[in-house]
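According to my numbering, the sequence shown is numbered sequentially starting from 172. See structure below.
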Amino acid sequence: MKEKWIEEAVIYQIMIDRFAGEWKETKNANHFMGGNIQGIIHKLDYIQNLGVTAIWISPFVTNANYHGYHTMDFLQIDPHFGTYEDLKELIQKTHAKGMKMIADFVPNHCSIEHPFFQEALHNEESPYRNWFFFKNNNEYTYFLKYKELAKINLDNPAARAYMIDIAKYWAGQGFDAFRIDHAIGPSFNFWESFTKEMKSSFPACPLWGEIWGHGISRKYYSTIHLKHPWKKWLFGLRQEELQKDYIGVLDGVLDFTYRNLLIKALQAGERILGNKRLEEQVKKHFGQYPKSFELVLFLDNHDTDRFLHFCHGDTSLLLEAIEFSRSWGRPFVLYYGTEQGMTNEKTIFDKTPYADLRVRECMNWEEGPSSLYFSMASLLKKD
Numbered sequence: 172m173k174e175k176w177i178e179e180a181v182i183y184q185i186m187i188d189r190f191a192g193e194w195k196e197t198k199n200a201n202h203f204m205g206g207n208i209q210g211i212i213h214k215l216d217y218i219q220n221l222g223v224t225a226i227w228i229s230p231f232v233t234n235a236n237y238h239g240y241h242t243m244d245f246l247q248i249d250p251h252f253g254t255y256e257d258l259k260e261l262i263q264k265t266h267a268k269g270m271k272m273i274a275d276f277v278p279n280h281c282s283i284e285h286p287f288f289q290e291a292l293h294n295e296e297s298p299y300r301n302w303f304f305f306k307n308n309n310e311y312t313y314f315l316k317y318k319e320l321a322k323i324n325l326d327n328p329a330a331r332a333y334m335i336d337i338a339k340y341w342a343g344q345g346f347d348a349f350r351i352d353h354a355i356g357p358s359f360n361f362w363e364s365f366t367k368e369m370k371s372s373f374p375a376c377p378l379w380g381e382i383w384g385h386g387i388s389r390k391y392y393s394t395i396h397l398k399h400p401w402k403k404w405l406f407g408l409r410q411e412e413l414q415k416d417y418i419g420v421l422d423g424v425l426d427f428t429y430r431n432l433l434i435k436a437l438q439a440g441e442r443i444l445g446n447k448r449l450e451e452q453v454k455k456h457f458g459q460y461p462k463s464f465e466l467v468l469f470l471d472n473h474d475t476d477r478f479l480h481f482c483h484g485d486t487s488l489l490l491e492a493i494e495f496s497r498s499w500g501r502p503f504v505l506y507y508g509t510e511q512g513m514t515n516e517k518t519i520f521d522k523t524p525y526a527d528l529r530v531r532e533c534m535n536w537e538e539g540p541s542s543l544y545f546s547m548a549s550l551l552k553k554d
């Protein structure tokens, strides 16, 4: 049964290293900039006053990179972000304000600097050898094109049990939901075991997958798991079909299809509100899913161009998109900085090295909340 808080939830997505803290420098770069968990705690009133009902934080465990997706230890808090006590304080104070906490969970891969992988790499007799996909000459399967991220063999019983225990551990620390990174990576058999175990211990904890096929060419299909793979080999990865494959597998998905529909409307020179054609497209899209399967709406995130980029800086279009998104009675994710008009002039998909930094800038706290913040808050808060 769906938890009541999920209906019309406003989820604020935070990249810990870029949200609040003590900035080491002003120029954005591909390393830790100084954001931390205490910075989030100090901004809880700011977040709540925006109309937020849940906070999704980026991975907080020991990492080889600032964004948190290069795990080196699944159990320890990265010292760049703070301590275990800091995390517990954040969870407690967020709950005290009536908001929920969502963890960003990354089960598919880990940094090649992770000690389990290092042991497996240098010792063929290691019990961790079968936790990964090794080939001849110590070649290994990695996450898409990123050789620094080793894909974990979650069909290995020991690796599977370990990863499920990790998820249960963090759920036990007070997280109310999980956003699952690159959920198309692990097998459907893994997800069957994962959801069964998680629901047995934490039945009220929704599991939402990042199911996204953008930019995955056929040469990487062997690193992901697909239903009806022959069909996808013929026609490519169609976002709608990918999402539908997880009905009955996970509790829901981040709705990339919905976002694509809004962007196409903007690219056609259309408005969002009062757009009957767009409304019918969205209704048709939603109609392909059972009500029990959660479609979590969003306009942008840390891996996409900011929505204001497609609005060409027109904040009235951004506000229309938020009002439109809130009209469907579904959970909605707001990426940090959207309320301050953060955007990117150049797309992050132009193959420039580290172009994603354009949508991962540090928040500017020197000025108070903008007029856009208050306009957005009026749309996000319940009547």
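Heads up, the beta-carbon is just placed ideally off N, CA and C, and yes, glycines get one too.
The alpha helix (DSSP H) enclosing residue i, as first and last residue numbers
i	result
K367	F359 to S372
M547	S542 to L551
Y217	L215 to N220
W341	P328 to G343
T486	T486 to R497
K259	Y255 to A267
H480	F478 to F481
Start and end residues, beta strand (DSSP E) containing residue i
i	result
E451	E451 -> not in any beta strand (DSSP E); alpha helix (DSSP H) instead, spanning K447 to F457.
F406	Looking at the DSSP string, F406 is not in any beta strand (DSSP E); the run it does join, the alpha helix (DSSP H), is P400 to F406.
L378	L378 to G380
Euclidean distance between Cα positions of residue i and residue j
i	j	result
Q459	R497	20 Å
I208	L505	19 Å
K398	I387	15 Å
C376	T394	28 Å
M369	R531	31 Å
E196	N324	39 Å
E295	N307	12 Å
S229	A274	7 Å
R350	F427	14 Å
L444	G484	17 Å
A486	H293	For the sequence presented, residue 486 should be read as Thr rather than Ala. Approximately 54 Å, taken between the alpha carbons.
W536	S542	15 Å
L405	H396	16 Å
K454	Y429	10 Å
Residues that residue i bridges to, as DSSP identifies them
i	result
A348	I273
H280	K322
E465	G423
N234	T242
I248	V232
Q184	W227 and Y506
F138	Nothing can be reported for residue 138, as the shown portion of the chain is limited to 172 through 554.
I418	L421
Y317	F314
G192	G206
Burial state of residue i (16 or more Cβ within 10 Å)
i	result
K145	Because residue 145 is not part of the residues shown, which for the chain are 172 to 554, the question remains open.
T523	exposed
K402	exposed
S282	buried
G500	exposed
L551	buried
F359	exposed
Below-7 Å beta-carbon distance, residue i vs any chain D residue
i	result
A548	Within the model displayed, chain D is absent; a lone protein chain is all it includes.
Exercise for the section: Kindly confirm or deny that the stretch 528-542 and the stretch 183-190 touch, where touching means at least three C-beta pairs closer than 8 Å. Expected result: yes
Problem - the stretch 330-341 touching the stretch 233-241, judged by at least three CB pairs closer than 8 Å - result: no
Practice task
State whether the stretch 352-363 contacts the stretch 403-423, with contact taken as three or more CB pairs (one from each stretch) at a distance under 8 Å.
Solution key: yes
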